[in-house]
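Residue numbers (full-length UniProt numbering), protein chains in the order written: chain A, 1 to 306; chain B, 1 to 521. Every residue, glycine too, gets a C-beta built ideally from N, C-alpha and C. These notes are about the structure you will find just below.
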């Protein structure tokens with residue numbers, strides 16, 4: 001077992017009446033960015049907390065480099081994690097926040113200054129973290145994750161609150177970390193953030209793994225875009241014809257599993273009016289909606305466009 | 001990248017080094033939040049300030065029988081060991097040079113008790129009823145001088161404790177039980193004094209011996225009678241007087257020739273110990289009838305002196321300081337829960353018991369040092385101000401002062417650790433602070449308001465028992481006194497009281513450790 005691997009098998013976790021994790025299994029391999037996607041409440045953060053030994057699963061196990069997290073000696077040297085960027089003591093400076101973490105792992109203060117430089121916080125190092133923007137806190141959280149130079153990096157929603165410049169920086173950082181041979185697990189509910197940087201996608205919905213595949217496998221399909229004044233009727237017709245539909249805005253439907261010709265034929269047969277039919281290559285976002293459609297429909301009664 | 005060179009997981013580092021790392025992390029956490037550093041310093045300042053205010057609010061006036069009052073207090077003798085002592089009695093005697101022996105027989109020992117409490121001046125309370133107090137004393141006394149508080153040795157019959165051999169106010173050996181008539185004998189050989197008793201004047205039993213260093217060649221010897229304040233019938237105490245009949249009194253050795261001389265010691269208006277009236281003596285045939293009032297014993301009767309000790313001005317300031325420390329101790333862990341920081345902590349240090357232990361060491365050490373400094377400053381300050389305001393302050397030896405300072409520090413440290421544990425259990429600052437104050441401060445506040453039986457149990461069983469470490473009032477088995485909380489005496493010995501507090505803290509810590517391990521972070 002390579003040290004830079006996260007392996008999760010059969011996780012089950014119940015909070016009262018809610019089944020938060022229902023048999024979650026996947027592997028995040030070294031040298032790759034693994035995108036961990038799913039809507040809010042799908043079980044991403046719970047899974048990450050289980051991997052970090054914070055929550056105890058009812059069933060199943062999580063391994064990091066072949067070891068249970070609790071058995072790791074100075075765990076931040078093995079696994080760096082960003083769980084919650086808001087989790088700082090407001091009156092403590094950024095540098096001191098990293099300093100106590102360094103002390104706990106028997107790392108010297110030089111490491112602290114080094115990661116502060118890496119995330120671009122050197123100038124703000126002696127400012128109180130309470131005054132930081134969410135974007136700066138994310139950088140501080142990343143610095144904490146990188147402190148122990150760990151082979152495994154886990155980031156929960158790292159793009160939250162980042163400005164465009166920060167997002168570009170973050171994407172580059174994630175690529176670099178993977179190129180260095182680390183296993184990088186990044187959770188997000190925004191697909192666009194992971195497009196182009198994730199090598200592998202693990203999609204989760206209502207505590208179940210919906211997909212676990214390389215990005216190329218997921219992005220093979222084509223999608224049909226339909227402009228229609230009656231999207232609800234059209235969706236009904238097309239679903240009867242075997243298609244999966246997504247409402248993209250109030251006059252646009254995205255359809256998969258049907259070709260453009262099949263769409264036109266089905267609508268023609270039923271006499272539903274439409275303005276334009278086009279095709280485009282599937283994006284990660286389409287895949288995401290497709291995978292989580294059932295889940296979100298169940299909860300809201302209608303497909304949700306984020 | 002350390003993919004291939006990372007140390008093996010699990011148990012690569014000795015447990016002690018791992019704990020040291022956690023300890024350094026927690027200490028870094030503590031010292032890098034400015035409020036957590038400032039608050040304990042403020043706590044120490046507040047403790048000293050309130051101690052000063054309490055002491056400064058204490059004024060003692062000393063009143064004569066004619067009703068003139070001036071700041072000050074009655075004269076309290078200090079014994080050879082530095083303790084406050086009562087030294088009031090009537091003696092009939094002479095001088096003895098070199099070694100010698102005094103033998104006498106006590107045929108009767110009787111007493112009367114005033115019907116008025118000690119707070120009424122003796123001139124206004126002449127009425128008495130029969131009644132001999134158990135620690136009424138009659139016997140043979142030997143001392144270098146009759147200066148109050150000087151060294152002595154005595155063999156005596158008592159009202160209810162049989163024959164005793166006592167010396168230097170706190171030292172006591174029991175002889176045969178029962179009352180007069182009995183024979184008593186005191187011998188001097190160099191610096192060694194020995195007391196004997198006998199039922200028939202022929203078969204003698206040695207009760208005990210004393211070595212009084214530096215005893216001069218010529219000493220005072222004599223018969224003495226004294227009778228202490230009785231608390232049997234009145235909480236304020238009643239003055240008493242005892243009368244003994246001596247015969248067959250023989251002195252062997254170089255005694256000054258001539259008549260016996262009677263002396264009333266420590267019964268003047270300026271003397272603190274309440275006496276019923278002046279003692280005296282007269283001859284009745286071959287017998288000598290001697291009566292006396294007072295006591296030769298440690299001074300504990302604080303009702304007559306006030307209950308001021310080196311530490312008596314401190315509890316309020318200490319309580320204020322404790323509340324500040326409780327807030328800091330609670331925040332030290334609940335702030336992490338509030339911010340979600342606890343997850344970062346437990347991800348960095350999966351051994352949660354180790355985190356709790358390290359936090360306990362840090363907050364305990366901070367509270368210990370702060371309280372030690374506060375006590376070391378406020379004890380001499382409070383004592384000085386009390387003296388300046390005319391109050392009598394029971395002398396405390398260096399050991400007692402050190403015990404109070406160390407005890408205050410330990411009390412604060414244990415309280416802080418207990419509140420930290422409560423914070424770990426509740427996870428909420430408000431709940432932890434309120435709980436900490438409720439459990440660890442409120443009992444002592446309630447206790448300071450009342451003095452009933454329930455309050456006594458608070459100081460026995462609740463965390464307030466820890467305040468027993470402040471106990472500085474002397475108590476003695478040789479003095480019948482209600483050693484109750486209302487009179488300033490904690491029901492438990494200092495370290496036992498601290499043990500009760502420590503048991504509560506240990507319970508809270510144990511629950512916290514279990515909860516932390518079982519609960520998802």
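Starting from residue 315(B), follow its DSSP beta bridges and name the residues at the other end. Paired residue(s): none; residue 315(B) is not in a bridge.
Which of the three DSSP states, helix, strand or coil, is assigned to residue 11(A)? strand
Quick check on residue 519(B): does DSSP put it in helix, strand or coil? coil
Could you please give the first and the last residue of the uninterrupted beta strand (DSSP E) stretch that includes residue 399(B)? Looking at the DSSP string, residue 399(B) is not in any beta strand (DSSP E); the run it does join, the alpha helix (DSSP H), is 398 to 426.
Just verifying my parser: in three-state terms, what is the DSSP assignment at residue 101(A)? helix
Counting C-beta neighbours from all protein chains within 10 Å, is the total for residue 185(A) 16 or more, i.e. buried, or is it exposed? buried
Which residues of the region 28 to 41 of chain B have a Cβ closer than 8 Å to any Cβ of chain A? Give them in chain order. 28, 29, 32, 33, 34 and 35
Just the C-alpha distance for residue 86(A) and residue 170(A), rounded to the nearest angstrom, thanks. 18 Å
By a C-beta neighbour count over all protein chains shown, 10 Å radius and 16 as the cutoff for buried, is residue 324(B) buried or exposed? buried
Whose C-beta lies closer than 7 Å to the C-beta of residue 106(A) among residues of the same chain, with five residues either side of it excluded? 74
With a threshold of 8 Å between beta-carbons, can residue 341(B) be considered close to chain A, or not? yes
Host alpha helix (DSSP H) of residue 45(A) (start-end): 44 to 51
Counting only runs that start and end within the region 54 to 103 of chain B, where is the beta strand (DSSP E) found for 3 or more residues in a row? 61 to 63, 69 to 71 and 85 to 87
Under 7 Å Cβ to Cβ from residue 47(B), same chain only, skipping five residues before and after it: list those, please. 317, 318, 320, 321, 374 and 378
Give a yes or no on whether the minimum CB-CB distance between residue 75(A) and chain B is below 8 Å. yes
Can you name the start and end residues of the alpha helix (DSSP H) that residue 163(B) belongs to? Element bounds for residue 163(B): not the alpha helix (DSSP H) but the beta strand (DSSP E), 163 to 167.
Using a Cβ-Cβ distance cut-off of 8 Å, determine whether residue 16(B) contacts chain A. no
Counting only beta-carbon atoms, is residue 346(B) nearer than 8 Å to chain A? yes
Taking three-plus beta-carbon pairs below 8 Å as touching, is the region 125 to 133 of chain B in contact with the region 163 to 176 of chain B? no
Limits of the unbroken beta strand (DSSP E) element including residue 172(B): 171 to 174
By a C-beta neighbour count over all protein chains shown, 10 Å radius and 16 as the cutoff for buried, is residue 176(A) buried or exposed? exposed
Please identify the residue among 105(B), 75(B) and 81(B) whose C-alpha is closest to the C-alpha of residue 169(B). 81(B)
For residue 216(B), I'd like the list of residues in its chain whose CB is within less than 6 Å of its CB, leaving aside the five on either flank, ordered along the chain. 144
Limits of the unbroken beta strand (DSSP E) element including residue 154(B): 153 to 158
Considering Cα atoms alone, identify which of 477(B), 478(B) and 439(B) is closest to residue 459(B). 439(B)
From residue 494(B) to residue 405(B), what distance separates their C-alpha atoms? 12 Å
Between which two residues does the beta strand (DSSP E) holding residue 486(B) run? Segment: none, residue 486(B) is in no beta strand (DSSP E) and carries neither H nor E.
Once the 5 residues before and after residue 42(A) are set aside, which same chain residues still bring their CB inside 6 Å of it? 204 and 205
Have a look at residue 98(A) and residue 144(A) and give me their C-alpha separation to the nearest angstrom. 6 Å
Candidates 138(A), 237(A) and 262(A): which alpha carbon is nearest residue 167(A)'s? 138(A)
Helix, strand or coil: how does DSSP classify residue 231(B) here? coil
Alpha-carbon to alpha-carbon, residue 55(B) and residue 101(B): 51 Å
For my contact list, residue 288(B) and residue 226(B) are in at a C-beta cut-off of 8 Å; report their separation, rounded to the angstrom. Residue 288(B) to residue 226(B), Cβ: 16 Å. No contact.
Assuming residue 274(B) and residue 327(B) make a contact with CB atoms under 8 Å, what is their CB distance in whole Å? Rounded, the Cβ-Cβ distance is 47 Å, inconsistent with contact.
Could you compute how far the alpha carbon of residue 60(B) sits from the alpha carbon of residue 372(B)? 29 Å
So with CB distances below 9 Å, who are the chain B contacts of residue 93(A)? 32
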